[in-house]
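Numbering (the working numbering), first residue to last: 5 to 336. Glycine included, C-beta positions come from ideal geometry on N, C-alpha and C. Keep in mind the model is a prediction, meaning the values are calculated, not measured. Presented below is the structure to which this report refers.
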Amino acid sequence: MKLLVTGGAGFIGSNFVHHVLDTTDHSVVVLDKLTYAGNRASLDGLPAERFELVVGDIADAALVDRLVGDVDAVVHYAAESHNDNSLHDPRPFLDTNIIGTYTLIEAARKHGTRFHHISTDEVYGDLELDDPNRFTEQTPYNPSSPYSSTKAGSDLLVRAWVRSFGLQATISNCSNNYGPYQHVEKFIPRQITNVLDGVRPKLYGAGQNVRDWIHANDHSSAVLTILDTGVIGETYLIGADGEQDNRSVVETILELMGQPRDAYDHVTDRAGHDLRYAIDSTKLRTELGWQPAFRDFRTGLEDTVAWYRDHQDWWRPQKAATEARYQQQGQA
């Protein structure tokens with residue numbers, strides 16, 4: 005197949021592009037606006053005969069129409085995705101996550117193109133720390149930030165286009181990703197790169213907030229499985245049973261990097277900070293036969309620490325500007 009991958013120069017998208025080109029015979033066209041979160045270097049070394057990068061906006065209807073009409077399937081990763089940024093300036097999240105998704109599904113509808121929409125578990129809101137339940141495909145939406153609310157809106161657009169117009173689409177909602185090529189503004193790479201720079205990590209509040217972590221490679225394999233064998237109109241939750249509270253994550257990073265486990269500082273908690281996410285991926289595993297490769301979070305985190313230690317040329321150009329932005333927003 006020939007795939008159009010939106011946001012393919014970003015963190016999760018670039019991991020998917022590498023996975024596809026490494027494990028299949030598919031070719032890939034990436035459409036990416038190359039905002040601060042997109043990085044050409046994340047796509048270095050890919051085979052030119054099977055890969056093309058198009059720099060452009062997913063809200064550009066003419067460009068999107070041309071690209072979608074020339075591929076077999078669209079995998080839609082492109083999104084504004086950082087909660088802190090959505091609280092500071094929500095408008096880009098509306099432009100990309102809502103209008104951009106609308107533009108893509110209209111093109112996919114016109115051309116009869118297979119469409120897979122990437123979403124997040126944050127659309128479901130959060131769970132209490134002692135709640136025995138996890139999110140399932142039947143969990144009602146309850147977003148709590150500009151980011152998660154615009155992702156919820158984009159999910160609902162896709163669902164409506166399936167029902168109203170017969171769009172050949174599937175949706176996946178995934179838990180928190182970690183791994184190579186993640187921007188240093190995000191929680192895990194920010195802690196790792198701070199330690200590498202001799203700076204103490206920062207932890208929001210008491211660090212009790214729980215996230216259900218999955219390695220980006222496992223997310224990629226799950227999406228490819230859904231694209232190949234998923235049922236049109238269905239939603240699949242992707243998770244690897246990786247629940248960890250933020251404090252434990254920071255302390256494990258410090259331990260893996262040879263630092264005392266308490267060598268971090270607490271900072272004021274983020275507004276509207278969700279307590280806990282937890283994914284039940286039973287449907288994906290039982291109906292489509294998918295299983296994660298990284299079943300132990302510590303092993304995956306060790307792999308990630310090694311990648312950032314060995315690829316400082318990739319992340320250092322981002323680091324100073326990221327920390328300056330946190331400083332400006334009073335979150336340093």
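For residue j and residue i, the rounded distance between their alpha carbons
{"i": "E306", "j": "I196", "result": "11 angstroms"}
{"i": "T239", "j": "T174", "result": "6 angstroms"}
{"i": "K114", "j": "L160", "result": "19 angstroms"}
{"i": "G60", "j": "A297", "result": "34 angstroms"}
{"i": "R302", "j": "Q248", "result": "10 angstroms"}
{"i": "S348", "j": "F15", "result": "With the chain running from 5 to 336 in the structure shown, residue 348 is simply not present."}
{"i": "V68", "j": "H277", "result": "35 angstroms"}
{"i": "D300", "j": "A244", "result": "9 angstroms"}
{"i": "I102", "j": "G157", "result": "7 angstroms"}
{"i": "T290", "j": "T229", "result": "12 angstroms"}
{"i": "R329", "j": "D88", "result": "11 angstroms"}
{"i": "Y128", "j": "V32", "result": "31 angstroms"}
{"i": "S123", "j": "Y81", "result": "8 angstroms"}
{"i": "D74", "j": "N250", "result": "43 angstroms"}
{"i": "I257", "j": "R70", "result": "45 angstroms"}
{"i": "E132", "j": "G211", "result": "14 angstroms"}
{"i": "G104", "j": "L50", "result": "26 angstroms"}
{"i": "R207", "j": "V253", "result": "Sequence check: residue 207 is Leu here, not Arg. Spanning the two alpha carbons is a distance of roughly 10 angstroms."}
{"i": "D64", "j": "D222", "result": "31 angstroms"}
{"i": "I218", "j": "T286", "result": "15 angstroms"}
Member of the options whose CA lies at the smallest distance from the CA of residue i
{"i": "D314", "options": "P184, N177, Q295, D284", "result": "P184"}
{"i": "A226", "options": "N177, V271, Y312", "result": "N177"}
{"i": "V188", "options": "L35, K37, N213, Y312", "result": "Y312"}
{"i": "A220", "options": "N180, L207, D249", "result": "N180"}
{"i": "L288", "options": "V59, L231, G73", "result": "L231"}
{"i": "G42", "options": "P321, Y330, R329", "result": "P321"}
{"i": "I236", "options": "R280, R167, P264", "result": "R167"}
{"i": "L57", "options": "N250, T229, T10", "result": "T10"}
{"i": "L260", "options": "Y151, R95, A310", "result": "A310"}
{"i": "E110", "options": "S285, V199, L171, D266", "result": "L171"}
{"i": "S224", "options": "V254, W294, N213", "result": "W294"}
{"i": "G17", "options": "A66, E84, V72, P51", "result": "E84"}
{"i": "E141", "options": "S252, L241, V72, K6", "result": "L241"}
{"i": "V72", "options": "P96, H92, L35", "result": "L35"}
{"i": "H120", "options": "D48, Q186, L7", "result": "L7"}
{"i": "D201", "options": "T107, D216, Q263", "result": "Q263"}
Paired residues, beta bridge with residue i - DSSP
{"i": "L7", "result": "V32, A77"}
{"i": "Q248", "result": "R215"}
{"i": "H120", "result": "V79, T174"}
{"i": "I283", "result": "F139"}
{"i": "D241", "result": "Note on identity: in this sequence residue 241 is Leu, with Asp being the wrong assignment. Note: L241 sits in a beta bridge opposite N177."}
{"i": "D269", "result": "K206"}
{"i": "Y182", "result": "H219"}
Boundaries of the beta strand (DSSP E) in which residue i is found, first to last residue
{"i": "F55", "result": "55-59"}
{"i": "Q212", "result": "Element bounds for Q212: n/a, residue is neither H nor E."}
Exposure label - residue i; buried when at least 16 CB within 10 Å
{"i": "F20", "result": "buried"}
{"i": "F169", "result": "exposed"}
{"i": "P144", "result": "exposed"}
{"i": "N137", "result": "exposed"}
{"i": "I283", "result": "buried"}
{"i": "L38", "result": "exposed"}
{"i": "T154", "result": "buried"}
{"i": "E126", "result": "buried"}
{"i": "H22", "result": "buried"}
{"i": "P193", "result": "buried"}
{"i": "P205", "result": "buried"}
{"i": "P147", "result": "buried"}
{"i": "A164", "result": "exposed"}
{"i": "E53", "result": "exposed"}
{"i": "Y268", "result": "buried"}
Delimiting residues of the alpha helix (DSSP H) encompassing residue i
{"i": "N146", "result": "No alpha helix (DSSP H) holds N146; DSSP gives it neither H nor E."}
{"i": "W319", "result": "316-332"}
{"i": "G17", "result": "15-27"}
{"i": "K155", "result": "150-169"}
{"i": "H115", "result": "105-115"}
{"i": "Q195", "result": "191-200"}
{"i": "D69", "result": "65-72"}
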